[in-house]
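This report refers to the structure that appears directly beneath it.
Chains as they are written, first to last, in my numbering: chain R, -1 to 378; chain F, 10 to 374.
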């Protein structure tokens, strides 16, 4: 008997190890559970399991009057509540053919872009945290706090605003809001340079993000990836440009696209830098809006009763995470028959199993962080 | 003359049983080391919190005071915070998971603690304060500092937790790898000064010049040693074993209370040991920094001496600890394979080349 036969090889089990990441984990950005099949440090397969934050938003909406859905939309993507209610309001207005006063449109764009800055700043901090840099996190949080303070003076709330209503906004801009916002922007732009120096060109940061999780153009489109993640893959697609809503067609801004400066087009570094540059574009947009904001009554077009005609509509909105869509079917009653939300983060998350295959556990965290998901919006 | 020897000689006039004498001579230094470790951990944690706070535009601990030092809006606010934390840790419930290997899990923290404890025996604090003087000082420090890996693997394996296992495997591979560049770079001072003894190396530096300034190669050696030392102590950018955003707490995941505080204590002790070794091997040990300029008229003006030597050595060590903290709050974290790349393909070849180059340099100059 030879030596090899002494060991029964069929009894040696060489399965992958299954590692449960989450739902309680600092880097899953909420209550996402990742079932990771690992071979040592290398990930062979990954299954995202969602639903831990499911709050029946869509079913709730079928029993609520249109006006009362607005606070619920805020709670979906709690990092960019303004976008959620803005997108919803656009959908309802489309069904009711409401003509919005010019001033309302300007205010909406201003708060949306401020919200985009806040959300992207949050992303930069959290992404830095994911790759291990702690200091940028506190810096951007300090600055995001000032945006939240601005919103507090505007709406009275710090996170969930219930500000944009179908047909208008809840309050006009308070006194000194414009000067305070301009003050903030003047303060924020130099701060961005500081974060830039600490993170963007840091050698270790580049090592950790460049060429990691490369998302090809075609695959991104096939998976329905939208927003900064899609633009990082080199697709110049921004609903604010391609299908302008509100007053975006009057404004002058660029759409940053991933160019693969540090690695391949569509890697995690590109997804980071696209968001970083978008902050600058948002600042540009807000400054333009302040130059030409007209006077007017923000409550002028608020409907007495929101009762859209029979039919359905779909509205598209460029939220800070991608294409946010509301599909509403109306029976002519004051409650929607069906409301479906197209959540950008949900589609973006669906590409994670493809992206992280063959990478290491640390890279899964980087890739997940670079997709910038919010679980409140995925689970709804 | 080492500390243990001086105790033995001062007590030898008393008529005492030799075993008892030896016991006393070992217990007193042991207590002193333990005290040092504790004080170091408390001070270093406070320092780390304040430094990180100032770097991140925060205030850090501000409320807890001690001994009349009240908190409030002063620079030293919150000076009692770490002491309060230490008391909290000691009073915490000790949790051992049901499926864990109980014996191993209890044993592991003590192995790690003992490793850094006995390393301290060979580390000098000034020319006259060296617990025990070996003629193989550096070799002893190197050997004892690697014992801790056993404890880490035990801790990770016995916890019966996949995250702990990952952390332990990462820690073990990292520490074992980075011992090689450390060992090779520590050979340079041995080649130059001609002895493994701590005193030989420092005395050579005091007579000639600090080793970091001796030749370009020793400067590179210092760099390699210090960076590898940071990796050895598992600090950012090499804190892969306990990567907060990936493994949450790595091999310490299942530990709490007193056992966890032992890990903590040994981690900060290792930091101090690496800084002390770097200071006495490359930065002139207990020699005054004023000797670099060598322009002062009298010897007394260099402020050398047993007590000031302690001060200088500690100052150098604390400066290095500050740099470690600076790194931690500035850099992102490397990935595990990048870490190995850095060690095996960059540091080890450079260190070996360095050793050869220093040999040539010593022959030529």
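Ideal Cβ positions, reconstructed from N, Cα and C, are used throughout, including at glycine.
It should be emphasised that the depicted structure is a prediction, and the values quoted were computed from it without experimental measurement.
- In the three-state scheme derived from DSSP, where H, G and I count as helix and E and B as strand, residue 374 of chain R is classed as helix.
- Contact of residue 126 of chain R with chain F by beta-carbon distance below 9 Å involves 341.
- If you keep only unbroken beta strand (DSSP E) runs of at least 3 residues inside the stretch 270 to 332 of chain R, you get 309 to 317, 320 to 328.
- Exposed is the label assigned to residue 217 of chain F, since fewer than 16 other Cβ atoms lie within 10 Å of its Cβ.
- Residue contact check for residue 255 of chain F against chain R: a CB pair falls below 8 Å.
- With its beta carbon less than 8 Å from one in chain F, residue 129 of chain R belongs to the interface.
- Taking all protein chains shown into account, residue 134 of chain R has 16 or more neighbouring C-beta atoms within 10 Å of its C-beta and is therefore buried.
- Distance from residue 134 of chain F to residue 322 of chain F at the Cβ level is roughly 6 Å; contact confirmed, criterion being Cβ atoms closer than 8 Å.
- By the criterion of at least three beta-carbon pairs nearer than 8 Å, the stretch 111 to 119 of chain R is in contact with the stretch 136 to 146 of chain R.
- Within chain R, no C-beta atom comes nearer than 8 Å to that of residue 36 of chain F; the closest sits roughly 41 Å away.
- Residues 25, 128 of the same chain have their beta carbon placed closer than 6 Å to that of residue 363 of chain R, with the five preceding and five following residues left out of the count.
- DSSP lists no beta-bridge partner residue for residue 325 of chain F.
- In this structure, residue 229 of chain F sits near residue 363 of chain F, with a CB-CB distance shorter than 8 Å.
- For residue 244 of chain F, the closest Cβ of chain R is not nearer than 8 Å.
- Spatial neighbours of residue 163 of chain F in its own chain (CB-CB distance under 7 Å, excluding positions within 5 residues in sequence) are listed in chain order as 113, 116, 117, 120.
- Closest in alpha carbon position to residue 209 of chain R, among R:195, R:171, R:260, is R:260.
- Annotated three-state conformation of residue 223 of chain F is coil, per DSSP.
- Buried is the label assigned to residue 75 of chain R, since at least 16 other Cβ atoms lie within 10 Å of its Cβ.
- Here DSSP, grouped into helix, strand and coil, assigns residue 37 of chain R to strand.
- Taking all protein chains shown into account, residue 70 of chain R has 16 or more neighbouring C-beta atoms within 10 Å of its C-beta and is therefore buried.
- The criterion of a C-beta distance shorter than 8 Å is satisfied by residue 266 of chain F and residue 101 of chain F.
- Inter-residue distance for residue 202 of chain R and residue 92 of chain R is about 48 Å (C-alpha atoms, whole angstroms).
- Contact annotation for residue 66 of chain F against chain R: 136, 137, 140 [CB-CB distance below 8 Å, chain order].
- Within the same chain, 336, 337, 340, 342 come within 7 Å of residue 245 of chain F by CB-CB distance, once the 5 residues on both sides are set aside.
- Cβ proximity to chain F below 7 Å picks out 200, 202, 203, 205, 206 from the stretch 197 to 214 of chain R.
- In the three-state reduction of the DSSP assignment, residue 106 of chain F falls in the coil class.
- Listed by position along chain F, the residues whose Cβ is nearer than 8 Å to that of residue 297 of chain R form an empty set, because the closest Cβ is around 40 Å away.
- Inter-residue distance for residue 348 of chain R and residue 372 of chain R is about 13 Å (C-alpha atoms, whole angstroms).
- Contact between residue 274 of chain R and residue 105 of chain R is absent: CB atoms are separated by about 26 Å, not below the 8 Å threshold.
- When CB distances to chain R are screened at a threshold of 9 Å, the residues of the stretch 341 to 356 of chain F falling below it are 341, 342, 343, 344, 345, 346, 347, in chain order.
- Put simply, of R:280, R:255, R:125, R:330 the residue whose alpha carbon is nearest the alpha carbon of residue 303 of chain R is R:330.
- Listed as beta-bridge partners of residue 19 of chain R by DSSP are R:32.
- Restricting attention to F:318, F:290, F:166, the CA atom closest to the CA of residue 206 of chain F is found in F:290.
- Around the CB of residue 247 of chain F, 16 or more other CB atoms lie within 10 Å, so the residue is classed as buried.
- Within the same chain, and ignoring the five residues on either side of residue 327 of chain R in sequence, the residues whose Cβ sits closer than 7 Å to its Cβ are 310, 334, 335, 336.
- Neighbourhood of residue 321 of chain F in chain R, by CB distance below 8 Å: empty, with the nearest CB roughly 31 Å away.
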